[in-house]
Amino acid sequence: MKIVSDSKISGRTACTIHCQNCSISQLCLPFTLSEHELTQLDNIIERKKPVQKSQIIFQSGDELRSIYAIRSGTLKSYTLSENGEEQITAFHLPGDLIGFDAIMNMKHVGFAQALETAMICEIPFDILDDLAGKMPKIRHQIMRLMSNEIKSDQEMILLLSKMSAEEKLAAFLYNLSQRFAARGFSAREFRLTMTRGDIGNYLGLTIETISRLLGRFQKSGMITVQGKYITINKMDELIEMAGGAKNQIPIKDISHCCG
Numbered sequence: 001m002k003i004v005s006d007s008k009i010s011g012r013t014a015c016t017i018h019c020q021n022c023s024i025s026q027l028c029l030p031f032t033l034s035e036h037e038l039t040q041l042d043n044i045i046e047r048k049k050p051v052q053k054s055q056i057i058f059q060s061g062d063e064l065r066s067i068y069a070i071r072s073g074t075l076k077s078y079t080l081s082e083n084g085e086e087q088i089t090a091f092h093l094p095g096d097l098i099g100f101d102a103i104m105n106m107k108h109v110g111f112a113q114a115l116e117t118a119m120i121c122e123i124p125f126d127i128l129d130d131l132a133g134k135m136p137k138i139r140h141q142i143m144r145l146m147s148n149e150i151k152s153d154q155e156m157i158l159l160l161s162k163m164s165a166e167e168k169l170a171a172f173l174y175n176l177s178q179r180f181a182a183r184g185f186s187a188r189e190f191r192l193t194m195t196r197g198d199i200g201n202y203l204g205l206t207i208e209t210i211s212r213l214l215g216r217f218q219k220s221g222m223i224t225v226q227g228k229y230i231t232i233n234k235m236d237e238l239i240e241m242a243g244g245a246k247n248q249i250p251i252k253d254i255s256h257c258c259g
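Those letters in the sequence shown? Residues 1 to 259, by full-length UniProt numbering.
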């Protein structure tokens, strides 16, 4: 999708990347579209300035106006309890689309917030919905993406209810490694943009438990931790600790992007 920027530098319009030459388009809506269909979709995407760290993209109760495709950077989704406690429900990487939670009632039920400076493509929902009615490929892809959201939610429930603390963190790290790999990055070396508190919130563990387990994983030689940077030294051991069977680890399904 398009890098969202409407700024001008030294009298020249800033460089804009379109769907046709976007490096992560295979993870997003356009991967099955023809050149003509890509152009139509590309034309409806609104240009925005970069999203800054901690900026809220949408919040609970907001009317559904757009679906958002992450071009770069990472975001988190979360809900608030009645007493204001945050519960993180997902972490989003480049290529992910967010905002589907609002389709049923046309209002968002949760929040989306940037974990770092990010670029997003804002796709007006009413126009996208109209295009989906005219282009079966877009409609089919939206359905597959929504189905994947449901699948990921079900797997996350399994992780939180059945796995030990060690298994949860191992599964989380393996999940991230595979998602980074799907985007052309290293599966073994990556940076955690979320805090240990965020990870603990997501997994239902305390910050102290996350820190203790990371230390234990590092002492065993399975991983190396340097600040926010993680290196997986023994992938097989990580998979085994996560429960052994890969199909039981909640990994964001990437089969929809591969045709």
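Ideal Cβ placement from N, Cα and C applies to all residues, glycine included.
Inter-residue spacing [alpha-carbon to alpha-carbon] between residue i and residue j
| i | j | result |
| --- | --- | --- |
| Phe190 | Gly184 | 12 Å |
| Pro50 | Leu93 | 15 Å |
| residue 293 | Ala69 | Absent from the model: residue 293. The displayed extent of the chain is 1 to 259, so no value can be given. |
| Ala102 | Met135 | 22 Å |
| Thr231 | Glu116 | 21 Å |
| Ala170 | Ser147 | 25 Å |
| Ala90 | Asn105 | 20 Å |
| Asn175 | Leu205 | 17 Å |
Nearest-angstrom beta carbon gap, residue j and residue i [assumed within contact, 8 Å]
| i | j | result |
| --- | --- | --- |
| Lys76 | Asp198 | 7 Å |
| Arg196 | Ile210 | 5 Å |
Local Cβ density within 10 Å of residue i, reported as buried at 16 or more and exposed below that
| i | result |
| --- | --- |
| Gln55 | exposed |
| Gly84 | exposed |
| Thr74 | buried |
| Asp126 | exposed |
| Glu155 | buried |
| His108 | buried |
| Ile241 | Here residue 241 turns out to be Met, not Ile, going by the sequence shown. Buried, since its Cβ has 16 or more Cβ neighbours within 10 Å. |
| Leu97 | buried |
| Asn201 | buried |
| Arg179 | buried |
| Ile157 | exposed |
Beta-carbon proximity list for residue i, same chain, < 8 Å, skipping 5 on both sides
| i | result |
| --- | --- |
| Arg139 | Ala132, Gly133 |
| Ile44 | Ile123, Pro124, Ile127, Leu128, Leu131 |
Residues of its chain near residue i, where Cβ-Cβ distance is below 6 Å and the 5 sequence neighbours each way are ignored
| i | result |
| --- | --- |
| Ala114 | Val51, Lys53, Gln55, Leu75 |
7 Å Cβ shell around residue i - same chain, five flanking residues per side excluded
| i | result |
| --- | --- |
| Gly243 | Met163, Glu167, Ala171, Ile249 |
| Ile207 | Arg196, Gly197, Gly200 |
Inset, instruction - Entirely within the UniProt domain "HTH crp-type" (163 to 236) and at least 4 residues each: give me those alpha helix (DSSP H) ranges in chain order. - result: 165 to 182, 196 to 203, 207 to 219
Legend entry - Sequence ranges, beta strand (DSSP E) only - wholly within the UniProt domain "Cyclic nucleotide-binding" (29 to 104), length at least 3: 56 to 58, 66 to 72, 75 to 80, 86 to 92
Legend entry - Contained alpha helix (DSSP H) runs [length at least 4] in the region 137 to 161, N- to C-terminal order: none
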